[in-house]
Each structure stands twice: as structure tokens, then as C-alpha cells.
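Below: one structure, written as C-alpha cells.
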Amino acid sequence: MALFRKKQDPMERLHQQELDETGILDMPYLVLTVLLVSIGVLMMFSASYARAYYDTGNSAFYFVRQAMFAAGGIVVTVLVGRLNYFIWYRLALPILAVSIVLLGMVLIPGVGVTHNGATRWLKIGIEFQPSEIAKLGMILAFAAMMAVWQDKMNTFRYGVLPYGIVLVMVAGLLVLQKHLSATLIIMLIGATMMLLGGTQKRWFLIGGVLVAIFLLVYLKSRGYANARVTAHLDPESDRLGSGYQIIQSRYAIGSGGLLGLGFGRSRQKYLYLPEGHNDYIFAIVCEELGFVGAVGVMILFIMLILRGYWIAIHARDRFGTLVAAGFTTKLALQVFFNIGVVTNYLPSTGISLPFFSYGGTALLLQMFEMGVVLSVSRWCVNKKALRRKPA
Amino acid sequence: MAKKANIRIVRPGERPVYDREKANHGVLRRTTAIMLLCGVLLFLPLFYQLFKLMILDHDKYESEAISNQTRTTAVAADRGTIYDRNMKIIATSSTVETVFIDPLEIHNAEEDVDFIARGLSAILGVDAEMIRTKAAKIDRQYEVVATQQEYEVAEQVRAFITDNKLTGIHLEPSSKRHYATPATAAQVVGFVNAENVGADGLEAYYDKILQGTPGAVITTKGNYQTEMLYSYEKLYEATDGSSLVLTIDAQVQRMLEKNLKAAVEKYDVANGGFAIMMNVNTGEIVGMAIEGSYDPNNYLEITDLSVLQKLEEIGGKMDLATEGTQEYKELADLYNQTVAAARLRQWRNRCVSDGYEPGSTFKTITLASALDCGAVDLNTSFYCAGEKNYPDREDTLHCWKLDGHHAENTAQALQNSCNIAFADIGLMIGGERLYNYVDAFGFLEKTGVDMQGEATGVFHPKDEFVKNAQLTTIAFGQSIKPTPIQMVRAISAVVNGGYLLKPYVVSEVLDDKGNVVQKNSRTVIRQVISEETSEIMCDLIESVVTEGTGSNAALTGYRIGGKTGTSEKLDVYDENGNQTDDKIVSFVGIVPMDSPKYICLVALDTPTPGSGFRISGGVMATAVVRDIFSDTLLYLGVQPDYTDVDMSTVNVQMPDVRDLTEAEASTELATVSLTHIVVGNGETVTGTIPAPGEMLPGNSQVILYMGESVPTDKIKVPDLSGLTMAQANQVLANSGLYLQTKGSNLYYAVVTDQDYAPDSEVARGTTITVELTDNSVVD
């Protein structure tokens, strides 16, 4: 499925003509990605050591699985990077459509898989969160639509309505899953892409007001979000309840000091810190690697993010720009929200840390996205790439 | 935004750069802005947050984290041992364990609280509901379920934990006190409370020394009982408490307690009594007994049978009364007050904590003062007409002997315990001087003995003391209340050369390795009287026993001195507010008088007339001191001297003279001052009465059977009570029994006790030992 029939599609024509214009993968981006995945898997090993032993009797249980996915993920990144990213232009809408169907399936009782009281997973061979696929699909679809209608972005019909419909559908399904964090990320990514794509600014004002009203009503009706804010502001008020994770996380981070306790020497990972290998893995990074290590990891992330935007800026076409910017924004928001929550800068939401948190399918998807950005980089308009081209 | 289409078909070979960049200008500008926002600005506050948590608040969170991750297990320090002077154990500690739960851990591990409560309840015998209540306090990590569990019980708890793979139940070692049974000097040694802290007696006084320093093991521990890979363990060694070596001799102490108990029964004493035995030259307390003791292992248990009976009565009334009524409440209050009062009484060391009425025993102090300051000498004469009036004293002073002692010298005044003579002596010394002597003898200060709860005695303030009205009374020992320990040390000073000592009960402190770290020895506070005065006083005091009111304290082979005392209890009133007739009788004995070594004070509080004995120190307390000396002096290495003694008052052992001829047997018997008669006409001795090895008085006549068989019939012991020694001897001789005596040597002393009860059956030739008492002594 595509927006137009093949020969009428301007993007299609563009693609046909520039197919042979290939460069190499952007090395800084690839190196940063591999570096972060490697550090992430090692830290996940350390952080899951005690938990894995407690859960399964094998301390390396989570590590082995994660390492396999990471290795597979690097292969995926390179392979996807070798593909012409135009294929994702063609598949954007189908992927989005499938992801919306999957999101809907989660809501069917007996189909959705429940963990920790939240029903957000599906199991089709492997277990995964459809919301992750929805993010991916949405970024691709937005980029495709904005590229095609790039000269009509100032209109309501092409510049607001299609994205609004998609956002409402996806966000609506996520709200029904009570998946607040994913809703938040989707809305922010969507808004950022619309801003980049050229939607007129007044619509953001209107959209912002609508979202705010919705949030107010929604949060009022649901107590648990309120409790999270209380726990955020005063974790000690409920040491063993809502404040427990925050306090334990703070112990881990605070214990780290300047240079940390050393790799593998975290104490908080011995089942004090819940989700220490998952959403809260960054606390273990802080405890083991110290302020220096934690800042180092964050700087690697920031370099990767900046390089992602650099690729977006230097992309060959609007679709490439928007896809790269979309995925990079998603990465930046995930990192920001995760570390913000772990350090109790933000109230807690269930957002995992890319490359670090345990979860095979999420890692594969993340690596896939890295691959897509890398494939964009291959057609980057930069001097180095041009020099390598035969004159 | 430009409406113009910005797609341009790029032809191969053409450089597309400029065109596209221009077309995308708006998008790229916005992307750059987002890049700055999402790539840089967003993360700045996070860097600050990390800096704050990891650098600024590092110490705070690190220490909180460590206390979160570690478990501190106490390493108990064993409390030091308390030994008697011969290193016999009086109190010792053994390791026991405290069982506690970690409610947070139990909660986190989602253990079955009910199962744990029932399991522990069954093993430890504690209330399961109590465990449930404690387990519900999930913000706590240390809730004690049971203390002082012995090894076997602790093992059962450990098995319960491992068998059921339970989390959150812990044991930690602690220490438990054991006291030798029967307890030695319980009121002196005291006891520890449930927390193993000294609560009374030496346990409290020396608590810091005995306690030691508990250590701790700090271990890292993962949640849910997981072990950390990089764990650390820090051990702070416990230092066991130091041990005490007492000056008290458990054997002597037992004799003190035994004789005191016997006396309280024999003389029907209402309010118990006490006894102190001290080395007069060093101040070492060899024994200190207070009748009405308790078991320090179960210090709450009431031992006084009359109190128990009373409690039962109150309890019975409570059963009849309705709960919640005023009557019930009053009964309950009474019950609890009775229990509390009885406990305080049985724990109380009245030898150091309470004053008592010394009565005439105080005359030794008055006389020593008078001789020392020269107010009287041995030739001073006094006249007692039975009563006397003194200037500035309203009432007439009566002597205890109503018809008076008539003319007497200083020695006789003491021997007679004459009140009027001592009132005169008091005046001769003068109030000021006597007050200063009383002060010098240490009656106005604590003795400094290393015992819990020492009080000072009650004396008149100086301005009252010096007035004739008080002075004439104080001089013979009435209207004052020193503590027993003050009295013992003051009289020790009278006989030991005049040196006032600091009494002590702990001779050595041993550290946990057995090294002596502290040593107590003779501490002279001051010299009160001259050595010469002291020597004279020794002679006078000895004469009280040989010739005066202390005759019942005589003990064959020993030179015993002492002073009797009988005092009305001044502050005891009956329900009508009239002073009662209650008396406290006492005797201070000293032995041996040629070179005083030991002093023994015995006081009996309120003997009742029912016993048939005259209520006086000279009758009752003297006998107790005599028996204590008799039981302990040989043991303490004070050898008797029988050289000038009538051998008939000393027991000898019947030698084995069988198969000897009469001549040979006679020689053999003579060596132990025995004579014989012969029955039968055989060549050699075939049997004897008494049998070989039996004890019998010296100078006795034994029967040698030559060829005839020894009669084996039993003889009924006659009742000897009330007979004089001569009469008793006659009666026993007629029955074929021997008589041995103890007590007064005076011819008119009568039998007040016999070791074989009347009508019991004994073998021919058995020695019956009787107590002779001069029951006429009023003081």
C-alpha cells in the first residue's frame, strides 16, 4: 500500500532516479550504536546477576538471552542500513495499520498478556509490546505523509488532519491499555514530527490545550498517577510502598560517588532495587561506574542523538530527514524520561533505557531503527560521501 | 511557509546539494532547533541531578544504603564470673540466643506470618498472637520474640527455619546469668534483670566491669536472603566482662546462713536477722548473710512463706469479689503492693542499706573513746543503784537490772553492761568529745564498702547529741541507728589497734584472660584510738564472755570476746500508736582475743517470747555467734588451744583397742585421756563401748569387754531440757550415754537444746551434745 499508485507518486519517481547514488554507512553513528549496545549488555549482565539467580537459578540467564538479541541486533542494524530506506516509505502505512490492529488485539480479553498488572503485551511466537511497533509505524507513516505533502503542510487537510487521526487512534488505544508513558512518548514524537514537517504553529496550541484538558480529566479519574507524583515529591512518605523503588534507586545512585563501586560490585542489585536490570538499570550503572561512568554513558547517548539529527539534517530528501529525526527524537525522549525517572527528576513512568534495559524484542526494534537511520546516512549529502562517489 | 513545490527532479551527474538545502531550509532549521533541545538542553538538568545525588549527597545516600544492605549481628560479651575467695563460682554466664524476627523481610518475602507465628510459638512457648502483632510492624526490622534461649531450643528454631526455607527469622547470641544453687549471699551478689544488666547487689555495683563490651558482625546481605557476590564482613570483637573474686568464703557464708536460719526458727524471730563476718585487720568481708533470702535465678519469686500465705488469702477474696468493683480494685492493689514489698524486702541488703538498734554493743565504742581520751581508766569506779537522775534529763534513767549493779569498776561496768555506768562515762567524756569519737569511728559517713545501696546510720545532729538528755542515752547505745557494716568496722577498729578500715567484698578484678587488673587490700581510713587503748579494750571485751553477759558465747579452745546488746526498737508502733515491746538482740563476737582476727555480728530482729528463751542478746545472739565460730574457725585456719582446757569439754576419738591386753589398752586409752572399766575376764579385749572411731568427751570412762559380747540393745535418749550440766550428766550416765556440752560454763546454766531428740534410740555409749544456756542474761 502506498499513498498513490506507483507511477503517480512523486517520491516513487525520485527514488527510481537516485537508486544508484549510494554512500557508506555513517561510521560515527554505527560505532556509537555498537558501543552503547555492548556497554548496555554488559551492564545488564551485572545488573541482572542476582535477579537471574533468584528467578531461575542461573545468574547468566538474562545475560545470555540479551546478548543473543544484541548480536542479532547488530546484524539487523547493518543489514537494514544496507537496504534502501525507501522501502520503508512503501511499507510505512502497512506497518502502521498492522500495529494499530495489534494494539487493538491487546485489549481483547484473553489475547493480551499481562505483566505486573498491566496488559500491554502480545505473544505471537515471541512476546512483544505492540506499542513499540506503533511508535515505529507512526514515525514512518508521518515521515511518508509529510514528505509527500510537504508543500501542503500549511493546510489543515494535509498538515493536521491525517496526523491528528493517527495520533488519536494510537493514543486512544494506549490510553485504553492504561499505558500512560507510551501515550506520552507517542504524543511528543508526533508533535515533534509535525513541527518538523511544517504544520502551522497554531495547531500545536489547539492540540496542546486539548491534550491538557484530556490529561486533567484522565488523571483526576485515576488515582495511581496522583500517588506517583506524591512518591516523586516525598518518597519517604511511603518508604515501603510507592516510594520504595525511588528510595532504593537513590541509594544505588548515591552509593556510586565519583568513581563507583566498580563493575559488578553493585550492592543494590541484590534484589533491593526492583527492576534493577530493567527500567532502573541506569541506577546500577551509576552505582557501579560512578558519576564519571554515568556521565560517560549519557555523553555517548547525546553524541548518538546529535549524530542522528546531523544525519537528519543532511538527509537526501524530506522522508529521510523526517525518519531520522523521528527515530532520534524517540531515542532522546526515551533516554531523557528513563534517566529522569531513575534519578527522581520526574515522577515514575515505565520507560525503559534503550540498549540497556532487558528485553529482546525492544532491543531488536531499537537496532532496527538504528539501521533505518544508518540507511538514511548512506545517501547523506556531505562532502565525504560525495568525494567517494565516482565523478 | 512557501507554497511553491520544492521537489525537483535531479538528473544523474548533477550536484543536487544547494537546491535541496535551500528547499529544505525551514525543515532543517527546525530540525537543528529540535537537535539542540533534545540533544543538549533536555539532558542538562539530568547532569545536575546526577551530580547532586552522586557527589553532593553521596555520603548521605551511601550510609543509608549501607544500613539498608547490611545486617548487624551482635556478638554477646559474656558477663564476668563472680568467684568466692577460693575461686568457687557464685555467678557465671553462658551463651544463650535471642530469637527475633525481621517483619520487613517477612513482608517482602511474602512469608506465611501465621505459619511462622504458630511454629515459633510451639518451639518457644510464647504467645502466637504476640508474634503476629510484631510481624505486622512491617516498618521494623528487629522485633524480639524470645530471649535467653538455650542451645537446644535455638537449634529447634534453626531447624524450623531451614526445613521450611523461611526468611526473616533470626537468632543472635547473648548471655545468660546462672547463680550457684543454693545461692551464696544473694543480697550481696544481687542479680541481673532480663536484659542481663546488673539490677542489684554487686551485679549492679560492678555492672560496668562485669558487663564487657559487646561486639558486632556487620555483613552485607542481599534482600530475600541472597548472598552478595562482593560481600564484606566486619567483625568487632566482643570483650568479655571482667570477673570478680570476692572476699566472701562460700563455706563460711553457708555456715552464717545455716546458723542464722536455725536461730530464727529456734527463737521464733519475727523479722529475720543478719550476720556479718569480717577480718578485723583487713576489712575483708568473709560472709554476710541476711535471713529471708531469695534465688537470684528466679529473683521475682517470693520466698517468704507468710507472704505467700497472705497473697493466697487476698487472691481468694479476689476470686469472690466481682471484677471491676471498687472492692476488687482495692484487693488487686493490695495484692500487687504486697508482692512488690515482699520482693524489695527479700532483695534488700540490710547489712549496708539499713540502720539498726545496736543497743549495748555500742558500749564498746563509748568505753574505747573514754579510755582513749583518758576520761576513765581501769580503776574508775561507778555505782549503779538501779536508777539515776541526771541534770538536764527529764526522765529517770533505769538500768536493765532494776535493783542495780552497785559498786563496779570499769571492767565490771562493761561485763554487766550497766547502763548507768555508761551514762556516767558519757558525761565524763563530754558530748563534744564523744561526738567527735563517733565521727572518727565512721558512724557519720558511709563505710565506702563496695556494695550496692550503702546508707549511713541515723545519729542525732551535733547540737542535740551533746545535750545531756541524748548523751546519757547514746552512751549506752540507745536512740541511735548505725548500719550493721558501720558497727562491725567500728568495733574492728576498737580491737585491731585502733585502725578504721574500709571494708571490702571484692578482692580482685580479673580481666577476660584471667589477669588481675585491680586489687583491693587493707585500706586504713584513719587511726581512731591508740594501740594501747585497743589492747586494753581487747582484755575488757574478752572478760564480757568469760565473766559477763556474753558467757553463752564461750567456745572450748578459743579465746572469744564480744559484747551483747538488746535494744528496744524505737520506731515500731502498734496500731494504737503505742511503742511496742519489739526488740532487736545482737552480739558482736571477736576471736581470738590474744590477736583478734575475725569479728562476727549477729542480730535477730524481734524474737518472740514463744520460744521459751529470754529475749536478750546474751542468750540468743551469743549462741549463734558461738555456733558460727564453732563451724568456721577450724576451716578458716584458726587453731584451738586445748592446753589449759578441761579435757572433758573436748571430744576425742575412741581408739581401736581390740585384741590388746588390758594393760596395753589402758596405755592406749590414756593417750587420749580416757579411763576404762572391764567387763568379763578374758585375756584380750573383744569389744568396746563406745565402738572404735566414735567421738566422746575426754576424761570419760569407756567399757572394755574381755571375752564377753558387747550388748547391742538401743537406748532411748532422755529429755534433758532444763537440767543443769551436773544433772544432765547424771541422767545420761545412768543410761549408759556420754554428755558433751557447748555454751555457757556457768554452773547454773541449763540445757536448752540436745542433738538427739528425747525418746530417739541410740547405741550404747553414744555422746549426746547439749547446749547450756545462762538464761538469766537480760542484755
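Protein chains in written order, with the numbering used here: chain A, 46 to 436; chain B, 1461 to 2239. Virtual Cβ for every residue (Gly too), placed ideally from N, Cα, C.
Problem set entry | Reduced DSSP secondary structure (H/G/I, E/B, other) of residue 244/A | In the structure shown, residue 244/A falls within a coil segment according to DSSP collapsed to helix, strand and coil.
Exercise. Whose C-alpha, out of 234/A, 220/A, 242/A and 227/A, is nearest the C-alpha of residue 197/A?
Worked result: Closest in C-alpha terms to residue 197/A, from the list 234/A, 220/A, 242/A and 227/A, comes 242/A.
Exercise. What's the gap between the Cα of residue 1538/B and the Cα of residue 1634/B?
Worked result: Per the coordinates, the alpha-carbon of residue 1538/B lies some 8 Å from the alpha-carbon of residue 1634/B.
Problem set entry | Cut-off 7 Å between Cβ atoms - residues of its own chain near residue 2003/B, not counting five sequence neighbours on either side | Cβ within range, chain order: 1871 and 1875.
Problem set entry | Any chain A beta carbon closer than 9 Å to residue 1482/B | Because the pLDDT at residue 1482/B is just 48, under 50, the model does not fix this residue reliably, and the value given afterwards should be weighed accordingly. Chain A contact via Cβ: absent.
Exercise. So the alpha helix (DSSP H) residue 1635/B belongs to, where does it begin and stop?
Worked result: DSSP places residue 1635/B in no alpha helix (DSSP H) but in the uninterrupted beta strand (DSSP E) bounded by 1629-1639.
Exercise. In terms of residue numbering, what span does the alpha helix (DSSP H) encompassing residue 1867/B cover?
Worked result: From DSSP, residue 1867/B is part of no alpha helix (DSSP H) but of the beta strand (DSSP E) over 1866-1869.
Exercise. Can you tell me the Cα-Cα spacing of residue 1640/B and residue 1549/B, whole angstroms?
Worked result: Each residue's Cα considered, the two are about 7 Å apart.
For this session: Please specify which runs of the alpha helix (DSSP H), each continuous and at least 4 residues long, are wholly inside the segment 1897-1941 of chain B, giving them in chain order.
Result: Those alpha helix (DSSP H) runs which fall completely within the segment 1897-1941 of chain B and span 4+ residues are 1922-1925 and 1928-1934.
Exercise. Between the segment 2066-2080 of chain B and the segment 2103-2122 of chain B, do at least 3 Cβ pairs fall closer than 8 Å?
Worked result: When Cβ pairs closer than 8 Å are counted between the two stretches, the segment 2066-2080 of chain B is seen not to touch the segment 2103-2122 of chain B, the count staying below three.
Problem set entry | Short Cβ contact (9 Å threshold) for residue 1915/B with residue 1906/B | Cβ atoms of residue 1915/B and residue 1906/B: closer than 9 Å.
Problem set entry | Supposed contact pair residue 172/A and residue 158/A - C-beta distance, whole angstroms, cut 8 Å | Contact holds; Cβ gap of about 6 Å.
Problem set entry | Interface partners of residue 77/A on chain B, CB under 8 Å | Those do not exist, as residue 77/A stays about 13 Å from chain B at its closest Cβ, beyond 8 Å.
For this session: Reducing DSSP to helix, strand and coil, say where residue 210/A ends up.
Result: In the structure shown, residue 210/A sits in a helix (DSSP, three-state: H, G or I).
For this session: Give the secondary structure of residue 1568/B by DSSP, where H, G and I count as helix, E and B as strand, and everything else as coil.
Result: Here DSSP, grouped into helix, strand and coil, assigns residue 1568/B to helix.
For this session: Would you grab the beta carbon distance between residue 192/A and residue 324/A for me? Rounded to a whole angstrom, and I think it's under 8 Å.
Result: Contact between residue 192/A and residue 324/A does not hold, since their C-beta atoms are separated by about 34 Å, which reaches or exceeds 8 Å.
Exercise. Using the beta-carbon of each residue, which ones in chain A are nearer than 9 Å to residue 1515/B?
Worked result: Within 9 Å Cβ-Cβ: 302, 303 and 336.
Problem set entry | Residues that residue 1506/B contacts on chain A, provided the C-beta gap is smaller than 8 Å | Simply 343, 381, 384, 385, 388 and 390.
For this session: Taking only the alpha-carbon atoms, compute the straight-line gap between residue 433/A and residue 87/A and give it to the nearest angstrom.
Result: In this prediction, residue 433/A has a pLDDT of 48, which is less than 50 and means its spatial position is unreliable; nothing more can be read from the coordinates.
Exercise. Per DSSP, what kind of secondary structure is residue 1729/B in: helix, strand or coil?
Worked result: In this structure, residue 1729/B counts as strand in the three-state DSSP scheme.
For this session: Evaluate residue 78/A with the Cβ neighbour count: other Cβ atoms within 10 Å of its Cβ, from every protein chain shown; 16 or more gives buried, anything less gives exposed.
Result: Around the beta carbon of residue 78/A, a 10 Å sphere encloses 16 or more other beta carbons of the protein chains shown; the residue is thus reported as buried.
Exercise. Would you say residue 231/A reaches chain B, if we count a Cβ-Cβ gap shorter than 9 Å as a contact?
Worked result: Chain B, which has no Cβ nearer than 9 Å to the Cβ of residue 231/A, makes this no.
Exercise. Mind listing which residues of the segment 1583-1599 of chain B have their C-beta closer than 8 Å to chain A's C-betas, in chain order?
Worked result: Under the 8 Å Cβ criterion, the segment 1583-1599 of chain B contributes 1598 and 1599.
For this session: Could you spell out where the alpha helix (DSSP H) holding residue 108/A opens and where it closes?
Result: Residues 106-127.
Problem set entry | For residue 1775/B, three-class secondary structure by DSSP | Helix at residue 1775/B.
For this session: Please say whether residue 1497/B and residue 384/A have beta carbons closer to each other than 9 Å?
Result: Between residue 384/A and residue 1497/B, the CB-CB gap reaches or exceeds 9 Å.
Exercise. Around the C-beta of residue 2035/B, are 16 or more other C-beta atoms found within 10 angstroms, so that it is buried, or is it exposed?
Worked result: With fewer than 16 other Cβ atoms within 10 Å, it is exposed.
Problem set entry | Buried or exposed (CB count within 10 angstroms, at least 16 for buried), residue 2232/B | By the neighbour-count rule (16 or more Cβ atoms within 10 Å), residue 2232/B is buried.
Exercise. Under a CB-based cut-off of 9 Å, is residue 340/A close to chain B?
Worked result: Residue 340/A belongs to the set of residues whose beta carbon lies under 9 Å from a beta carbon in chain B.
Exercise. If residue 1631/B sits next to residue 1648/B, beta carbons under 8 Å apart, how far is it from one beta carbon to the other, in whole angstroms?
Worked result: At roughly 34 Å, the Cβ-Cβ gap does not stay under 8 Å, so residue 1631/B and residue 1648/B are not in contact.
For this session: Name, please, each residue of chain B whose Cβ falls closer than 8 Å to the Cβ of residue 298/A.
Result: Neighbours of residue 298/A on chain B, chain order: 1510, 1513, 1514 and 1521.
For this session: Kindly list the residues whose CB is nearer than 8 Å to the CB of residue 1893/B, restricted to its own chain and excluding five residues on each side of it in sequence; keep chain order.
Result: Listed in chain order, the non-local C-beta contacts of residue 1893/B below 8 Å within the same chain comprise 1829, 1833 and 1835, local neighbours out to five positions each way being set aside.
Problem set entry | Interface residues of the segment 186-206 of chain A facing chain B [CB-CB below 8 Å] | Within the segment 186-206 of chain A, the residues whose Cβ lies closer than 8 Å to some Cβ of chain B are 195, 196, 198 and 199, listed in chain order.
Problem set entry | Same chain, Cβ closer than 8 Å to residue 2166/B, neighbours up to 5 away in sequence not counted | Sequence-distant partners of residue 2166/B (beyond 5 residues in either direction) whose C-beta falls short of 8 Å from its own C-beta, in its chain, are 2122, 2138, 2139, 2140, 2141, 2142, 2143, 2144, 2145 and 2146.
Problem set entry | Per DSSP, the bridge partner or partners of residue 2067/B | DSSP output for residue 2067/B lists 1729/B as bridge partner(s).
Exercise. For residue 1950/B versus residue 1942/B, is the C-beta spacing smaller than 9 Å?
Worked result: A contact, by the Cβ cut-off of 9 Å.
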